[in-house]
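Protein chains in written order, with this note's numbering: chain A, 36 to 481; chain B, 7 to 363. Heads up, the beta-carbon is just placed ideally off N, CA and C, and yes, glycines get one too. Working notes, beginning with the structure itself.
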């Protein structure tokens, strides 16, 4: 009889604990700690390694919010107040077997149990992908783990184990602004990374995080609050994290910089540049590009391959031609903008001209984009269009200057006329006063 | 036969001739302040004249207001001059109105029998501020749009009728094209009608009662002696005209060298640009309200501030009836101190408000 009762109890517990079908809506509403011996016991532990998980899990945790409990990942019997039976690893019912703290592949398996189950995930987060474990297996981390390396990152290394937050939560370690810092926990740690090597056998560097923090991408992400700006996982992937292959770099950058990638794909450099965009822009420390980069002089990035002093170097000549055209248009736009600003300050309406000058600025941007095709001839019509706009603006500005000059001349003439009138009026007033005074004086003496 | 004779034969101008011949202006050391009223009146005339010209091209709708002002300053012959003069003249007018107010306050010219002249003058000052507030929005540019939002928001803090006033001013819960239509109607029809009537009353009272002589000058006179008088026509009026010409010169110089910026068109969905502040004549009030704590003795700070300003305005209107000593011809130092305190407060807070971030 007691065996039947035990089996019934076990069946009920099983329904409430494990498996996709077992986690029903009632689990979401039931208070996790009401009869949970895991929480009751671990909360009182003096050893923080044992107490912290319950504290973190009791705070904000996406799994706890959905009704999951300790037992769902760790196994054991939360209904039992006896330590031995609660931690019974033999598990008279297999699903109830205590698994303790999962490590290595067990972490992946624990998470994948739900996160790779499309049917289960549909009831919690229908739009969430379920291929993370599969992707992970293709990553450097996954491969190393499979090879027996226990130091590599698993799910919990990035997402945390207890107190897990949604990726869209700004406090999540995998929120865009926190990703680089999370990766840097291991990748900037020389001790941790010791022994890892690149494909060429050289030691895996640990300066990527510092480099990235100097980059235009980091600035856009953290200072410009542009969450679409790339961080580590945007180029390396997240679950399938791996360095982009040589030759694939342009594709990686081209994901966002589409037009540049298209221009580069048609350029003479495309078949030559092993590292694509990285050849000129570097990878992690991508600084804001400037026109100075386009030069075969020491200040530019063309120099290692092209020699500015060599008159027969066609590449250097192309750089000079493209840079010269860009600089000329830039100078003309600046000069015209200064002229318009002066006119505007003097009260001449120049809104239309300023708009036109913006169009010239767009041509400049277009020329800088076209430059990635590395063909000076392709820049010529764009630069010529820009110069035409500036010339038209200049003509309008000359009209504005003439108008301003007319206004000022008119003002001086008016002020002169007013001054003459005021003086004449003043003299007239004095004359009238004197006449009145003379008229009053004789009568006063009578 | 000249024109005056021609009119005289038909309308009998004897009374007018008599008035012109007899009207005099007292001559004393403080007579310079008399010109402020005339200069303010002249600028009111400039506003009416330039305002009518602007009306010929201005289109009062959110879609066209900005473009029409842009058209006026770029395409219309001398449109830039008319618009700049209108904007500068409005500011000079309010500045001179304040100067006129304080000169009258310090000289105690409001004392019996000129209480009504003071009250009508005060109401005119409030109307001029109303003109400034409503006219500021009409170009429908970014600064004026957001400043109006803030300004009408302050009106919403008035106890009991706050929400009603806000909706009445805005024509809804927010500043929209409906607000522009209302402000336009207020600026070109309602306020001018009231202002014209009040200006007429103010001038009538001034002509009827003559210029006030400061108490100090009156006391210094020997018993039975009379202050020397200057004929109003032509001696005083010519001086007035001279002052007006100086005002015209200043206006022309300001219009040509410091043109009034049009700015960018208002975009109700844009983020509030930094440095939004009202016109200078509201700065003292605006900055004071900014400094008031959010709650004072459980009352909302802004509401308390608005009530305090309303009480101060009422006090100003009632000054002739409160200053009994001045009415009796006695010295009233308390009101002189109050006027000085008010002037110092206005100047200081306007300057601080201008530089505050």
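As assigned by DSSP and simplified to three states, the class of residue i
i                      : result
residue 6 of chain B   : This structure gives no information on residue 6 of chain B, because the portion of chain B shown stretches from 7 to 363.
residue 368 of chain A : helix
residue 51 of chain B  : helix
residue 135 of chain A : coil
residue 23 of chain B  : helix
residue 305 of chain B : strand
residue 346 of chain A : coil
residue 357 of chain B : helix
residue 217 of chain B : coil
residue 211 of chain A : helix
residue 56 of chain B  : helix
residue 5 of chain B   : Here chain B comprises residues numbered 7 to 363, so residue 5 of chain B is not present and cannot be evaluated.
residue 381 of chain A : coil
residue 147 of chain A : helix
residue 188 of chain A : coil
residue 427 of chain A : helix
residue 510 of chain A : Beyond the ends of chain A as shown, which are 36 and 481, falls residue 510 of chain A; an answer cannot be given.
Neighbourhood of residue i by C-beta distance below 8 Å, restricted to the same chain and skipping five residues each side
i                      : result
residue 173 of chain B : 179
residue 169 of chain B : 162
residue 281 of chain B : 363
residue 136 of chain B : 192, 197
residue 180 of chain A : 139, 140, 143, 187, 189
residue 71 of chain B  : 64, 65, 144, 145, 146, 186
Own chain residues within Cβ distance below 6 Å of residue i, not counting five before or after
i                      : result
residue 348 of chain A : 341, 342
residue 68 of chain A  : Confidence at residue 68 of chain A is low in this model, with a pLDDT of 43, below 50, so its placement is unreliable and no value can be given for it.
residue 88 of chain A  : 197
residue 163 of chain A : 156
residue 65 of chain A  : Low confidence applies to residue 65 of chain A: its pLDDT is 40, below 50, so where it sits in the model is not reliable, and the reading given next is rough at best. So the list is empty, once near-sequence residues are dropped.
residue 106 of chain B : 42, 43, 46
residue 300 of chain B : 307
Rounded distance between the beta-carbons of residue j and residue i, thought under 8 Å
i                      : j                      : result
residue 211 of chain A : residue 266 of chain A : 6 Å
residue 399 of chain A : residue 424 of chain A : No, residue 399 of chain A and residue 424 of chain A are not in contact; Cβ-Cβ is about 10 Å, not under 8 Å.
residue 417 of chain A : residue 401 of chain A : 5 Å
residue 375 of chain B : residue 267 of chain B : No information on residue 375 of chain B is available, as it lies outside the stretch 7 to 363 that chain B covers here.
residue 250 of chain A : residue 321 of chain A : 5 Å
residue 139 of chain B : residue 157 of chain B : 6 Å
residue 262 of chain B : residue 443 of chain A : 6 Å
residue 134 of chain B : residue 153 of chain B : With 8 Å as the limit, residue 134 of chain B and residue 153 of chain B do not qualify as a contact, their Cβ atoms being about 17 Å apart.
residue 96 of chain B  : residue 53 of chain B  : 6 Å
residue 98 of chain B  : residue 49 of chain B  : 6 Å
residue 450 of chain A : residue 255 of chain B : 6 Å
Bounding residues of the alpha helix (DSSP H) (the contiguous stretch that carries residue i)
i                      : result
residue 221 of chain B : 221 to 226
residue 169 of chain A : 167 to 173
residue 15 of chain B  : 9 to 17
residue 109 of chain A : 105 to 109
residue 259 of chain B : 243 to 263
residue 297 of chain A : 293 to 300
residue 387 of chain A : 386 to 405
residue 243 of chain A : 243 to 247
residue 391 of chain B : Past the boundaries of the shown model lies residue 391 of chain B; chain B is included only from 7 to 363, so the question cannot be answered.
residue 156 of chain A : 153 to 157
residue 201 of chain A : Neither: residue 201 of chain A is in no alpha helix (DSSP H) and is coded neither H nor E.
residue 483 of chain A : Only positions 36 to 481 of chain A appear in the structure, and residue 483 of chain A is not among them; the question remains open.
residue 134 of chain B : 121 to 143
residue 109 of chain B : 85 to 112
Cβ shell of residue i (< 7 Å), same chain only, five flanking positions each side left out
i                      : result
residue 63 of chain A  : Its pLDDT being 39, under 50, residue 63 of chain A is placed unreliably by the model, and nothing is read from it.
residue 212 of chain B : 123
residue 40 of chain B  : 31, 217
Residue range of the beta strand (DSSP E) that includes residue i
i                      : result
residue 31 of chain B  : 30 to 32
residue 235 of chain B : 235 to 237
Report task. Would you be able to state if there are at least three C-beta pairs under 8 Å between the segment 248 to 267 of chain B and the segment 32 to 47 of chain B? Result -> yes
Query - Segment contact, 8 Å Cβ cut-off, at least three pairs: the segment 124 to 131 of chain B with the segment 282 to 295 of chain B - result: no
Query raised in the report: Do the segment 213 to 224 of chain A and the segment 234 to 252 of chain A touch if we need at least three Cβ pairs shorter than 8 Å?
Result: yes
Query raised in the report: Between the segment 319 to 336 of chain A and the segment 428 to 446 of chain A, do at least 3 Cβ pairs fall closer than 8 Å?
Result: no
Report task. Would you check if there are 3 or more beta carbon pairs closer than 8 Å linking the segment 252 to 262 of chain A to the segment 205 to 220 of chain A? Result -> yes
Query raised in the report: So does the segment 233 to 242 of chain B actually touch the segment 17 to 31 of chain B, counting three or more Cβ pairs closer than 8 Å?
Result: Judged by pairs of C-beta atoms under 8 Å, the segment 233 to 242 of chain B touches the segment 17 to 31 of chain B, as three or more such pairs exist.
Query raised in the report: So does the segment 77 to 95 of chain B actually touch the segment 379 to 398 of chain A, counting three or more Cβ pairs closer than 8 Å?
Result: yes
Query raised in the report: Taking one C-beta from the segment 218 to 226 of chain B and one from the segment 326 to 339 of chain B each time, how about it: are there three or more such pairs within less than 8 Å?
Result: Yes, they touch.
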